[in-house]
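Peer 1:
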Amino acid sequence: MAMSMKCSEEDNEAKRYRTLVNATRDLTLKMLLTSMLGPFKKLGRFMLRKQATEVPARFDELLEGILKKHEERSGGGADDETNCDDLMDILLRVSKDPNAEVNVTRKNIKAFFLDLFLAGTGTTTDATVWVMAELINHPEVFKRVRKEIHDLIGSSNNGRLVEETDIPNLPYLQAVVKEAMRLHPPVVVVPRACRETCNVGGFDIPKGTAVAINVYSIMRDPAVWVNPDDYSPERFLKSSDDSGRRSHHGGFIPFGGGRRMCVGSAMALSVIHCAVAAMVHCYDWKLENGEESVNMETTLGFNMALAKPLVCLPKLVCAESVFQSVEVSSL
1 MAMSMKCSEE DNEAKRYRTL VNATRDLTLK MLLTSMLGPF KKLGRFMLRK QATEVPARFD
61 ELLEGILKKH EERSGGGADD ETNCDDLMDI LLRVSKDPNA EVNVTRKNIK AFFLDLFLAG
121 TGTTTDATVW VMAELINHPE VFKRVRKEIH DLIGSSNNGR LVEETDIPNL PYLQAVVKEA
181 MRLHPPVVVV PRACRETCNV GGFDIPKGTA VAINVYSIMR DPAVWVNPDD YSPERFLKSS
241 DDSGRRSHHG GFIPFGGGRR MCVGSAMALS VIHCAVAAMV HCYDWKLENG EESVNMETTL
301 GFNMALAKPL VCLPKLVCAE SVFQSVEVSS L
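FYI, our numbering numbers position 292 of the sequence shown as 292, with every residue one higher than the one before it.
Put into structure tokens, the structure is as follows:
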């Protein structure tokens, strides 16, 4: 869909992409922490100069190679397999169009796909894993989500999967996703900078100060949420004050808030809902090694992920014909 590539085709390539994404996450966290060192932040940046040069260079090399492959095949028009242009084809065509309303450079294209790699893969994957982990730990919720799907589109043998247009009609699935993201936000803190001197909670914050908004704490604040540490998707199904959330008022911000909130939130939610719906609709899940529940310990870092990777054994409960009519596109 984006670049007509499937990372799973070559394990070495998939490993290369994951390594780069993880290296960038690590660098981002270090740079964020460095910016909070006050008069010593220049020293911190100096110590990170090698890593800050190498990681972008490796990404640039990767994306340049993909761009060249697209240019080499451009004479043949659309992609041979999908018979349609992918996103990179479209942007390359715009960059070479002298009459285009917007001037798109090669550097712009690389920066755009870098954002897709970093902001649109790891966090979405982490969120999907958290949703499934909570569902496995709460089988009664899993059964209710499956029943809601069956009530809407029929049993898992009716020949189709949940589609994006079905999501608005699956309120409990939406509540399950929201509750998992409330308890386990993909990004724990959101960095911001004060545009003006202000006072927060009795503390004076000078203009230009780098601040970290603790998303995790806000979404577990007992002043906003009833029993904030409990897993209860039902809190998102009601509108009354005793529903589990005393008031929204910015209390649910897994994608940040304001004009600087995540621009890919709609796409991320679409992917998460469809992925979770397919896994609940078509499979029963059993933890590896016969474990009864998922270990919910987390890693320390900029992103919130399970400390121990979630490994499950799927059991197909739908007809294989369901998948035969599904065209899967990937990076």
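For glycine and all other residues, C-beta sits at the position ideal for the given N, C-alpha and C.
Below 8 Å between beta carbons: does that hold for Ile149 and Leu135?
Peer 2: no
Peer 1: Only counting the same chain, and skipping five residues up and downstream in sequence, which positions put a Cβ closer than 8 Å to that of Val55?
Peer 2: Leu20, Ala23, Thr24, Leu27
Peer 1: Using DSSP bridges, identify the partner residues of Arg192.
Peer 2: Under DSSP, the beta-bridge partners assigned to Arg192 are Val211.
Peer 1: Cutting at 7 Å between CB atoms, please list the residues of its own chain near Val271, excluding the five before and the five after it.
Peer 2: Thr124
Peer 1: Please go through the same chain and pick out, in chain order, the residues whose beta-carbon is closer than 6 Å to the beta-carbon of Asn289, but skip the five residues on each side of it.
Peer 2: none
Peer 1: Assuming contact is defined by CB atoms lying nearer than 8 Å, are Ala307 and Ser35 in contact in what I supplied?
Peer 2: Not a contact, by the Cβ cut-off of 8 Å.
Peer 1: Tell me whether Val55 sits in a helix, a strand or coil according to DSSP, three-state version.
Peer 2: helix
Peer 1: Which residues does DSSP pair with Trp335 in a beta bridge?
Peer 2: The structure shown has nothing for residue 335, since the chain only spans 1 to 331.
Peer 1: Distance, Cα to Cα, Thr165 vs Lys107?
Peer 2: Inter-residue distance for Thr165 and Lys107 is about 35 Å (C-alpha atoms, whole angstroms).
Peer 1: Who are the near neighbours of Leu48 in its chain, counting only those whose CB is closer than 8 Å to its CB and skipping five residues on each side?
Peer 2: Closer than 8 Å at Cβ, skipping near neighbours: Leu27, Lys30, Met31, Thr34.
Peer 1: So what's Lys315 in DSSP terms, helix, strand or just coil?
Peer 2: strand
Peer 1: Would you kindly work out how many angstroms separate the C-alpha atoms of Phe112 and Gly38, rounded to a whole number?
Peer 2: 31 Å
Peer 1: CA-CA distance, Leu316 and Ala277?
Peer 2: Approximately 14 Å, taken between the alpha carbons.
Peer 1: What separation, rounded to the nearest whole angstrom, lies between the Cα atoms of Pro191 and Val215?
Peer 2: 10 Å
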